Amino acid sequence: MIGMSDKYDALKLENQLCFPLYAVSKEIVRKYKPFLDPLQLTYTQYITMMVMWEKQKLTVKELGQVLYLDSGTLTPVLKKLEGKGYIDRARSKEDERSLIVTVTESGMELRERALSVPVHMRECFHIKREELLALYKLLYNMLADLDPGQGPLEDLEARLEALDA
Numbered sequence: 001m002i003g004m005s006d007k008y009d010a011l012k013l014e015n016q017l018c019f020p021l022y023a024v025s026k027e028i029v030r031k032y033k034p035f036l037d038p039l040q041l042t043y044t045q046y047i048t049m050m051v052m053w054e055k056q057k058l059t060v061k062e063l064g065q066v067l068y069l070d071s072g073t074l075t076p077v078l079k080k081l082e083g084k085g086y087i088d089r090a091r092s093k094e095d096e097r098s099l100i101v102t103v104t105e106s107g108m109e110l111r112e113r114a115l116s117v118p119v120h121m122r123e124c125f126h127i128k129r130e131e132l133l134a135l136y137k138l139l140y141n142m143l144a145d146l147d148p149g150q151g152p153l154e155d156l157e158a159r160l161e162a163l164d165a
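Each residue of the sequence shown is one higher than the one before, starting from 1 at the first, in UniProt numbering.
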C-alpha cells in the first residue's frame with residue numbers, strides 16, 4: 001500500500017539524522033583503538049585525560065559537563081585512571097559533597113606519549129580539510145542548540161583556527 005509506506009517513512013532508519021551520527025561516532029571510536037591500546041586507554045579514558053591535561057584540576061561535576069557524561073558513567077572511568085596513577089580524587093575541603101579530580105605528574109607524562117594519536121586519527125579521514133572544518137563547526141553548533149545550558153561557543157572560531165594550523 002502506497003499510503004501506508006508514506007505514513008511510516010519517518011520511522012525508517014535511513015531517514016534518521018541520529019543514525020549516521022551514531023554510526024560514525026562508533027566507527028571513529030573503533031579507529032582510535034589501535035592508537036590508544038599502546039597507552040592502555042579506552043576512548044572515554046582518553047577524552048577524560050585530554051580534559052585533565054588542559055584543566056589539571058576540576059570537580060567531577062565540571063568534568064562530566066565538559067564530556068557530556070553522567071557521574072554513573074564517569075566514576076568507573078575515574079577509578080581506572082586513578083588506579084593507573086594518572087589522576088587523584090579527593091573530597092573538596094569547602095564542600096564535602098564535591099569530589100575534586102587532579103591530574104598527577106604521571107598523568108601529565110602520558111600526554112607526551114599521546115601526541116601521535118590526533119596525527120594518526122587525522123590520517124583516517126579521507127575528506128577535504130575544509131569539509132572537516134565545516135563538519136566540526138556544524139557539530140558544535142548542533143551541540144549548542146541541543147544543550148543551551150552549556151553556554152555559547154564563543155571560542156569556536158579560535159578552535160577552528162587551531163585545527164587549521
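From the three backbone atoms N, C-alpha and C, an ideal C-beta is built for every residue, glycine too. Small disclaimer: the values here were computed from a predicted structure and weren't measured.
Give the straight-line distance between the Cα atoms of residue 91 and residue 73, rounded to the nearest whole angstrom. Here residue 91 refers to the residue found at position 91 when the sequence shown is read from its first residue. Here residue 73 refers to the residue found at position 73 when the sequence shown is read from its first residue. The straight-line gap from Cα to Cα measures roughly 19 Å.
Below 8 Å on the Cβ atoms is my contact criterion, and I expect residue 174 with residue 47 to pass it. Report the Cβ-Cβ distance as a whole number of Å. Because the chain spans 1 through 165 in this model, residue 174 falls outside it and cannot be assessed.
Suppose the cutoff is 8 Å on Cβ atoms and the five residues either side in sequence are ignored; what does the same chain contact list for residue 20 look like? Indexing the sequence shown from 1 puts residue 20 at position 20. Taken in chain order, the list of residues that qualify is empty.
Check whether the Cβ atoms of residue 29 and residue 43 sit closer than 7 Å, and answer yes or no. By 1-based counting over the sequence shown, the position of residue 29 is 29. By 1-based counting over the sequence shown, the position of residue 43 is 43. Taking 7 Å as the Cβ cut-off, residue 29 and residue 43 qualify as a contacting pair.
Quick one, are the C-beta atoms of residue 60 and residue 11 less than 7 Å apart? Stepping through the sequence shown from its first residue, residue 60 is reached at position 60. Stepping through the sequence shown from its first residue, residue 11 is reached at position 11. No.
Quick one: is residue 77 buried, meaning 16 or more other Cβ sit within 10 Å of its Cβ, or exposed? Within the sequence shown, the letter at position 77 stands for residue 77. Burial call: buried.
Below 6 Å CB to CB, which residues in the same chain sit around residue 108 once its five sequence neighbours on both sides are set aside? As a first step, residue 108 must be located in the sequence shown, where it is residue number 108. Taken in chain order, the list of residues that qualify is empty.
Roughly how many angstroms separate the alpha carbons of residue 84 and residue 27, rounded to a whole number? Position 84 of the sequence shown, counting from 1, holds the residue named residue 84. Position 27 of the sequence shown, counting from 1, holds the residue named residue 27. Cα to Cα, residue 84 sits roughly 27 Å from residue 27.
Excluding the 5 residues preceding and the 5 following residue 31 in the sequence, name in chain order all residues of the same chain whose CB lies nearer than 7 Å to its CB. As a working mapping, residue 31 is identified with position 31 in the sequence shown. Result list for residue 31: 121 and 124, in chain order.
State the DSSP-derived secondary structure class of residue 104, mapped to helix, strand or coil. On the sequence shown, position 104 is the one that residue 104 refers to. DSSP places residue 104 in coil when its eight states are reduced to three.
For residue 54, the nearest candidate out of 127, 104 and 39 (CA to CA): Locating residue 54 in the sequence shown gives position 54, where the first residue counts as 1. Among 127, 104 and 39, the Cα nearest to that of residue 54 is on 104.
Given residue 113, which residues of its chain have a CB within under 7 Å of its CB, disregarding the five upstream and five downstream residues? For the purposes of this step, residue 113 is taken as residue 113 along the sequence shown, with counting starting at 1. 39.
Please classify residue 69: does DSSP put it in a helix, a strand, or coil? Numbered from its first residue, the sequence shown carries residue 69 at position 69. Three-state result, residue 69: coil.
Kindly indicate which residue of 101, 94 and 50 has the alpha-carbon position closest to the one of residue 75. Here residue 75 refers to the residue found at position 75 of the sequence shown. Comparing Cα-Cα distances from residue 75 to each of 101, 94 and 50, the minimum goes to 101.
Where residue 97 falls: helix, strand or coil (DSSP): The residue given as residue 97 occupies position 97 in the sequence shown. Looking at residue 97 - three-state DSSP - the assignment turns out to be coil, as it is neither helix nor strand.
To the nearest angstrom, report how far apart residue 50 and residue 6 are at their CA atoms. As a first step, residue 50 must be located in the sequence shown, where it is residue number 50. As a first step, residue 6 must be located in the sequence shown, where it is residue number 6. Answer to the nearest angstrom: the Cα atoms are 46 Å apart.
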